[in-house]
Amino acid sequence: MKSTDNVPEETRKPSGNGLTLGLTVLCAAIGGTFQYGYNISIINAPTSYIQKFINDTYMERWGTGLDITEVTLMWTLIVSAFSLGGLFGALLAGPMSVRFGRKKSLLLNNSFMFAAAVLVLTCRVAKSFEMIIIARFLVGMNSGVSMNVQPMYFGESAPKHLRGAVAFSSAVFTAFGIFLGQVVGLTELLGSERLWPYLLASNALPALVQLLTLPWFPESPRYLLIDRGDREACLQALGRLRGGEAPVLEMEELLQEQQMSAAINSGATSSAKTPWSLFKDRNLRSQLKTVMAASSAMMLCGNDSIYFYASYIFQEAGIPPEKIQYVTIGTGASELTASILSNLLIERVGRRYLLIGGYSLMSCWSIVFTVALSLQSRKVTGMAYLSMVCVFSYILSFGLGPAGVTGILPAEVFDQTARPAAYMIAGSLMWISLLLMGMLLPFIVNGLGNFCFLPFLCVCLVSAVFLGFTLPETKGKTLAQITAAFDKKNQGKMNEVPEVMTGHDPLNDLYQLGKICSFTPSTHDPDLDHKAAE
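Just so you know, the numbering used here puts 609 at position 63 of the sequence shown, and the rest follows in order with no gaps.
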């Protein structure tokens, strides 16, 4: 590998201030994970108006109306279409990101949003509530793609010391989307009976902003080098993202990863793994189990059910019904505040402690919330206010860790060839879990009543314990170091594998080489080695 002994100091570090990287994050996220948060939020305000539209349309077609159960069923289809579309989008994200690249996949993804906007704007003229179902399915596809491709794009574009903060910005924009959707959904703005189609179509504006701005920014340097084999384009993209020349230490790390991928693929340009091949890869099984558990827990932990209970809790606390919509905005503001705080802490505290700490806090608050709901039903004074505290605290705990750290993990623990398949698997589990929660939550609430948070308590406790045993810290580490940390945590299990089963695996040899090199330059200057370690 090329020595850096004679490399000028200014080429070892980015010479700019990271403005290009910051603008890239902004333009990608405004049409990416922002859309996910925005679209799960704006559907709440016009619920009664859409249900009335369904009933009126059916009455005009068939001369008879729907009963409450049938209207609720149609509404459930509209809500579930979003999750189902998200599942399809998650499965589509992997092939799209490999074939078109990270940036172009995000740009093409906007076509789903534009088509959905046309459908909801014309559904009244066409007198078809089925168009809303199709539109929400397309919006879900858009969110499914962006929730997978955007963290991948950020994780591959950010420098190692900012990788967590940049990737965590996906969660910040999701929370901002939830908050802004609650604001735009106020009856004084677009949340009225006359304007609800424009509310549902307003998601086309962020898509348009991304379509006009993102093409001016670079593609993922890792994708350009490892997937396309274009070293010159990689150097240009890396230089633009770092505000100067491409840093030598970072370029050597990319070249090391390219050599690993090329060796696995017999010298050819790396080919992406499929989900099935990733499941069969014994070397990555521990990483895959950890990511799958974290992705499932994120949607099964009960955060959405808190939003379900919020209006009831605020009403019981004595807030006038006409003012509840304004107080509900506080829930979105809480998650936004927590995500911003976590974004500032992630490179100091680390991923592992934020994730485990978030689930541990949620476990505690679910116990307090269960006690408060039980005592509130017995008319104990002050319990409604304690329940309000639990609502905001639960959301803050979720935003502090699980909301953002979960999306970072596949980008950090898998190499370039496995990353798209890992995001496909993780994204599919997230959307399947969200779909299950949407269908099961009413039965959980009706069946368990004030104890409905006990299942979520179990999910949070099991998640905290499991991740505590399986997830190593990934902050500021290279892929080889993270892989070594997973191997160390699973060393007992690995020692039980018969030698004949392990055989001679070139990937293991390359990981060992990576551990020795640690992706640092071939120099013996102790000061330079110390900088590389940082």
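In this text, a Cβ means the ideal position worked out from N, Cα and C, and glycines have one as well.
Secondary structure note for asparagine 694: its alpha helix (DSSP H) is the uninterrupted segment 676-703.
Note that the C-beta distance between leucine 770 and aspartate 776 is below 8 angstroms.
Counting only unbroken stretches of 4 or more residues, the alpha helix (DSSP H) elements lying wholly within the stretch 741-794 are 742-747, 750-759 and 777-788, in sequence order.
Taking C-beta atoms as the reference points, leucine 684 and alanine 661 count as a pair closer than 8 angstroms. Contact annotation: methionine 677 and threonine 579 have beta-carbon atoms that are not nearer than 8 angstroms. Residue burial is scored here from C-beta neighbours: alanine 672 has fewer than 16 other C-beta atoms within 10 angstroms and is therefore classed as exposed.
Around the beta carbon of proline 793, 16 or more other beta carbons sit within 10 angstroms, so the residue counts as buried. Contact check for arginine 648 against methionine 698 passes: the beta carbons are separated by less than 8 angstroms. It is roughly 9 angstroms from the alpha-carbon of asparagine 601 to the alpha-carbon of isoleucine 614. In this structure glycine 1014 does not touch alanine 639 by the C-beta definition: roughly 29 angstroms separates them, more than the 8 angstroms allowed.
Collapsing the DSSP output to three states places isoleucine 865 in coil.
Between the alpha carbons of proline 1018 and glycine 896 lies a gap of roughly 10 angstroms. DSSP, reduced to helix, strand and coil, places alanine 818 outside both helices and strands of the structure shown, so it counts as coil. Assigned with DSSP and collapsed to three states, arginine 924 falls in coil, not helix or strand.
Met659 is the residue among Leu758, Gln696, Met659 and Val691 whose C-alpha sits nearest the C-alpha of isoleucine 680. Here alanine 879 is near phenylalanine 725, since their CB atoms are less than 8 angstroms apart. Glycine 928 counts as exposed, since fewer than 16 other beta carbons sit within 10 angstroms of its beta carbon.
DSSP, reduced to helix, strand and coil, places serine 716 within a helical segment of the structure shown. A direct Cα-to-Cα measurement between glutamate 796 and glycine 686 gives close to 36 angstroms.
Serine 738 carries a coil assignment under DSSP once its states are collapsed to helix, strand and coil. Secondary structure of aspartate 613 (DSSP, three-state): coil. Cα atoms of isoleucine 875 and alanine 575: separation of roughly 21 angstroms, rounded to the nearest angstrom. Around the C-beta of valine 837, 16 or more other C-beta atoms lie within 10 Å, and the residue is accordingly described as buried.
Residue state for threonine 1024 is assigned as coil, using DSSP reduced to three classes.
In terms of Cα proximity to alanine 636, the closest of Ala967, Gly1022 and Trp822 is Ala967.
Excluding the 5 residues flanking it on each side, tyrosine 969 has same chain C-beta neighbours closer than 7 angstroms at Ala639, Gly640, Asn694, Met698 and Pro956, in chain order. Rounded to whole angstroms, the Cβ separation of asparagine 996 and serine 933 is 10 angstroms, and the two are not in contact under 8 angstroms. The alpha-carbon separation between threonine 883 and leucine 665 amounts to approximately 34 angstroms. Under the three-state reduction of DSSP output, asparagine 590 falls in the coil class, being neither helix nor strand.
Taken in chain order, the stretch 632-671 contains no complete alpha helix (DSSP H) segment of 4 residues or longer. The continuous stretches of alpha helix (DSSP H) do not include asparagine 996, and DSSP gives it neither H nor E.
Comparing alpha-carbon positions, the option among Ile870, Gly848 and Lys925 lying closest to serine 912 turns out to be Gly848. Rounded to whole angstroms, the separation of the alpha carbons of leucine 787 and glutamate 739 is 45 angstroms. Counting along the chain, the unbroken alpha helix (DSSP H) around leucine 1000 starts and ends at 1000-1016. Note on geometry: alpha-carbon atoms of leucine 980 and alanine 949 lie some 14 angstroms from one another.
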